[in-house]
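Listed in order, the protein sequences are those of chains A and B. Using my numbering, you'd call the opening residue of the first sequence number 10 and step up by one each time. Using my numbering, you'd call the opening residue of the second sequence number 24 and step up by one each time.
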Amino acid sequence: MKSIVYVQLQGGKATKASLEAAAFAAQEGEAVAVVSGAIEGDGGLGAVGVRSVLHCAEELDFGQSARLVSAAVESEGSDTVVMAHDHSGRAVAPRVAVRLKAGLIASVTGRPSGETIKRNVFSGKATAEVSASSDRRVITTTPNAFGIGSNDGAPAEVKSFSSDVGDRRVQVVEAAKPSTGDRAPLPEAELVVSAGRGMKGPENWGIIEDLADALGATTACSRPVSDIGWRPHHEHVGQTGIAIRPNLYIAVGISGAIQHLAGVNNSKVIVVINTDPEAPFFKAADYGIVGDAFEVVPKLTAAILALD
Amino acid sequence: MEILVCISKSPDTTTKIGFTADGKSLDETGVQFIINPYDEWYALVRAIELVEKNGGSVTTVTVGEADCDPVIRKALAIGAHKAVRVNAVAADAAQVAGELAAVAKSGSYEAIFCGKETIDHNSGVVPGMLAEMLDLPLVTWVSSLEYDGDKPLMKRETVNGIETVTVDGPYVLSASKGMSEQRIPNMRGIMGARSKPLDVVEPCGAAAMTHVEGFALPPAKSGVKLVDADNPEELVRLLREEAKAI
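#1: Check PHE42(B) in the structure and name its three-state DSSP category.
#2: Provide the residue(s) that pair with ARG108(B) in DSSP beta bridges, ordered along the chain.
#3: Using the Cβ count rule (16 or more neighbours within 10 Å means buried), how would you classify ALA211(B)?
#4: What separation, rounded to the nearest whole angstrom, lies between the Cα atoms of ALA185(A) and VAL165(B)?
#5: Can you list, in chain order, the residues of the segment 194-219 of chain A whose Cβ is nearer than 8 Å to any Cβ on chain B?
#6: Please classify ILE126(A) as buried or exposed, where buried requires at least 16 other C-beta atoms within 10 Å of its C-beta.
#7: For VAL280(A) and TYR296(A), what's the separation of their Cα atoms in angstroms?
#8: Could you list which residues in chain B have their beta carbon closer than 9 Å to that of GLN248(A), in chain order?
#9: Just mark MET305(B) as buried or exposed, buried being the case when its beta carbon has 16 or more other beta carbons within 10 Å.
#10: Just list the residues that DSSP pairs MET92(A) with in beta bridges.
#11: Can you have a look at LYS270(B) and say buried or exposed, based on whether 16 or more other CB atoms are within 10 angstroms of its CB?
#12: Return helix, strand or coil for ILE58(B), following the three-state DSSP convention.
#13: I want to verify the contact list: residues of chain E whose CB lies under 9 Å from the CB of ALA102(A), in sequence order.
#14: Just the Cα atoms here: how many angstroms apart are ILE157(A) and GLU138(A)?
#15: When DSSP builds the beta bridges, which residues end up paired with SER80(B)?
#16: Beta carbon of ASP35(B), beta carbon of ILE57(B): below 7 Å?
#17: For the segment 241-257 of chain A against the segment 180-196 of chain A, are there 3 or more C-beta pairs whose distance is under 8 Å?
#18: Is TYR65(B) buried or exposed, if buried means 16 or more other CB atoms sit within 10 Å of its CB?
#19: On the criterion of 16 or more Cβ atoms from any shown chain inside 10 Å, does LEU126(B) qualify as buried, or is it exposed?
#20: Below 7 Å CB to CB, which residues in the same chain sit around ASP158(B) once its five sequence neighbours on both sides are set aside?
#21: For LEU73(B), decide whether its Cβ has a neighbour in chain A, counting only Cβ atoms nearer than 7 Å.
#22: Going by beta carbon distance, what residues of the same chain come within less than 6 Å of VAL119(B), once the five residues before and after it are set aside?
As structure tokens, then:
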């Protein structure tokens with residue numbers, strides 16, 4: 010596999026999701042990264058095994074980035090394009106696939122096995138083995154599904170690169186404000202503390218925030234809670250919200266409807282805290298506490314803070 | 024405003040998923056089909072709201088066989104004005120996008136709305152393919168769309184938070200939660216939907232680029248380990264030493 014990896018930079022460094030994509034490509038063969046905008050050193054890409062970085066100094070929008078990536082594939086003679094299935098990859102990968110007439114296998118959770126790659130379908134209720142019918146293929150990697158690996162590679166060579174990328178067509182009117190504050194964005198979060206209707210009202214979320222702070226986790230919520238406005242929409246995880254796969258998902262006062270489980274059941278470890286021992290969520294959990302969240306959660310927070 | 028909304032059929036969100044014995048396709052026994060929630064709740068309803076305010080019409084387009092007609096009629100009952108169905112089995116994102124692009128080119132639309140993904144294959148890449156095929160700007164995961172005169176102002180979800188963007192001229196967007204609220208069709212809408220046009224067109228022959236070799240269900244959890252409510256320290260110990268999650 011000879012890959013071009015499209016990498017998103019933030020503060021001159023590759024984002025976590027992009028590093029995972031770059032490491033995925035490097036572990037499968039030769040990987041060359043394509044970036045645009047300000048870069049610091051090699052953006053941290055050499056460490057995960059990227060050989061060289063093709064750098065366009067102008068910061069491009071996603072449509073332009075797709076043209077840059079396609080040009081890099083032609084000039085490097087690559088057979089594969091890899092990028093993270095985050096907000097950038099969802100916009101860039103399908104355009105690249107159309108330009109290169111390549112099959113796109115999106116949001117994979119497994120490494121290539123012969124011609125096929127595993128991905129989640131039916132919102133995490135099942136998996137599929139998918140193949141591409143083209144010589145070239147485009148792969149997007151699910152955030153937090155792959156590790157970064159050894160992370161001790163030599164610095165990558167950074168080369169200036171440009172091509173005819175056309176005009177910027179999406180104009181930013183107001184720059185992004187982090188919706189999760191200092192916490193990791195939900196799709197990339199390794200630790201998530203989530204709560205539902207069992208919290209009885211939005212004024213009771215303090216103990217959830219405290220637990221999240223103690224762990225360095227991101228907060229999330231169930232659909233009913235976001236629908237009635239107790240919590241913002243972007244916190245809604247589940248089949249019609251965001252699908253996540255953290256290392257640890259703690260669900261407080263969430264019964265575990267099938268639609269909710271669909272979005273979270275790829276979490277590596279699930280902890281459920283619920284007053285109802287019959288809550289369906291316990292069947293999908295690794296660890297559980299049957300008890301009142303208002304008593305259990307503060308004690309749990311204290312126990313975590315007591316760790317060294 | 025002339026808005027094209029891409030609608031697909033998906034299993035109801037409460038569906039317990041199972042596959043045929045060969046693992047090649049969904050076992051549809053007892054499965055209820057709905058309009059993909061992102062297509063309906065957000066893309067379709069916002070398009071209808073905009074046309075109600077500014078005039079124009081909403082056309083839906085679906086790639087699928089006649090078994091899609093009930094969900095298309097529902098879209099008409101909610102308030103779409105007309106529907107197009109491309110008479111082909113939806114095979115993969117590239118084929119669907121190719122067929123949708125052909126329908127989009129045959130009309131004159133100011134905007135093309137899609138849901139951010141379908142809840143069956145979850146790729147979320149049809150909007151981007153469509154934008155590339157039509158050479159249009161694309162804005163993904165739009166959680167709010169308002170117009171300032173002719174200028175669409177879209178809030179989109181990025182890894183850095185919510186960003187407000189705009190485009191000139193026709194565009195493609197993919198809708199996420201927040202763009203509008205679910206709308207339940209009323210009796211008048213349901214009756215009216217029967218007489219609204221549903222044009223069936225033959226496919227242009229767009230090719231699929233990927234193939235599902237087989238489906239599988241995830242391994243079942245081995246069972247929950249319960250910890251006493253008075254002893255959260257034990258849970259912390261298990262998470263650290265056994266699960267190595269913290």
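Just so it is clear, CB atoms sit at the ideal spot from N, CA and C, and this is done for glycine as well.
Let me lay it out:
#1: Position 19 of the second sequence, counted from the start, is the residue given in the question as residue 42(B). Here PHE42(B) sits in strand by DSSP.
#2: As a working note, residue 108(B) is residue 85 in the second sequence. Per DSSP, THR85(B), VAL223(B).
#3: For the purposes of this step, residue 211(B) is taken as residue 188 along the second sequence, with counting starting at 1. According to the sequence provided, residue 211(B) is Arg. The question's Ala does not apply to it. Around the beta carbon of ARG211(B), fewer than 16 other beta carbons sit within 10 angstroms, so the residue counts as exposed.
#4: Reading the first sequence from its first residue, position 176 is the one you call residue 185(A). Reading the second sequence from its first residue, position 142 is the one you call residue 165(B). The alpha-carbon atoms of ALA185(A) and VAL165(B) are separated by roughly 13 Å.
#5: PRO194, PRO196, GLU197, LEU200
#6: As a position in the first sequence, residue 126(A) is number 117, starting the count at 1. Flag for ILE126(A) reads buried.
#7: On the first sequence, position 271 is the one that residue 280(A) refers to. On the first sequence, position 287 is the one that residue 296(A) refers to. C-alpha separation (whole angstroms): 5 Å.
#8: On the first sequence, residue 248(A) is found 239 positions in, with the first residue counted as 1. Here the neighbours are THR36, PRO60, ILE142.
#9: This structure leaves residue 305(B) out entirely; chain B is present only between 24 and 269.
#10: Here the question's residue 92(A) lines up with position 83 in the first sequence. According to DSSP, which records beta bridges pairwise, MET92(A) is partnered with TYR15(A), THR149(A).
#11: Given a span of 24 to 269 for chain B in the structure shown, any question on residue 270(B) remains unanswerable.
#12: Translated into the one-based positions of the second sequence, residue 58(B) becomes position 35. It is a strand residue.
#13: Going by chain labels, chain E is absent from the structure shown, which instead holds the protein chains A and B.
#14: As a working note, residue 157(A) is residue 148 in the first sequence. As a working note, residue 138(A) is residue 129 in the first sequence. Computed Cα separation, rounded: 23 Å.
#15: One-based indexing of the second sequence puts residue 80(B) at position 57. Residue pairing of SER80(B) in beta bridges, as defined by DSSP: GLU25(B).
#16: As a first step, residue 35(B) must be located in the second sequence, where it is residue number 12. As a first step, residue 57(B) must be located in the second sequence, where it is residue number 34. Against a cut-off of 7 Å, the Cβ pair of ILE57(B) and ASP35(B) comes out as a contact.
#17: yes
#18: Indexing the second sequence from 1 puts residue 65(B) at position 42. When all chains shown are included, TYR65(B) counts as buried.
#19: The residue labelled residue 126(B) in the question sits at position 103 within the second sequence. Position check: residue 126(B) holds Val in this sequence, whereas Leu was assumed. Classification of VAL126(B): buried, given that the 10 Å Cβ count is 16 or more.
#20: Walking along the second sequence from the start, residue 158(B) turns up at place 135. Only residues of its own chain outside the window of five on either side were considered, and among them none has a CB closer than 7 Å to the CB of ASP158(B).
#21: Walking along the second sequence from the start, residue 73(B) turns up at place 50. No - not a single Cβ of chain A is within 7 Å of the one on LEU73(B).
#22: Residue 119(B) sits at position 96 when you count from the first residue of the second sequence. Closer than 6 Å at Cβ, skipping near neighbours: VAL86, ALA113, VAL149.
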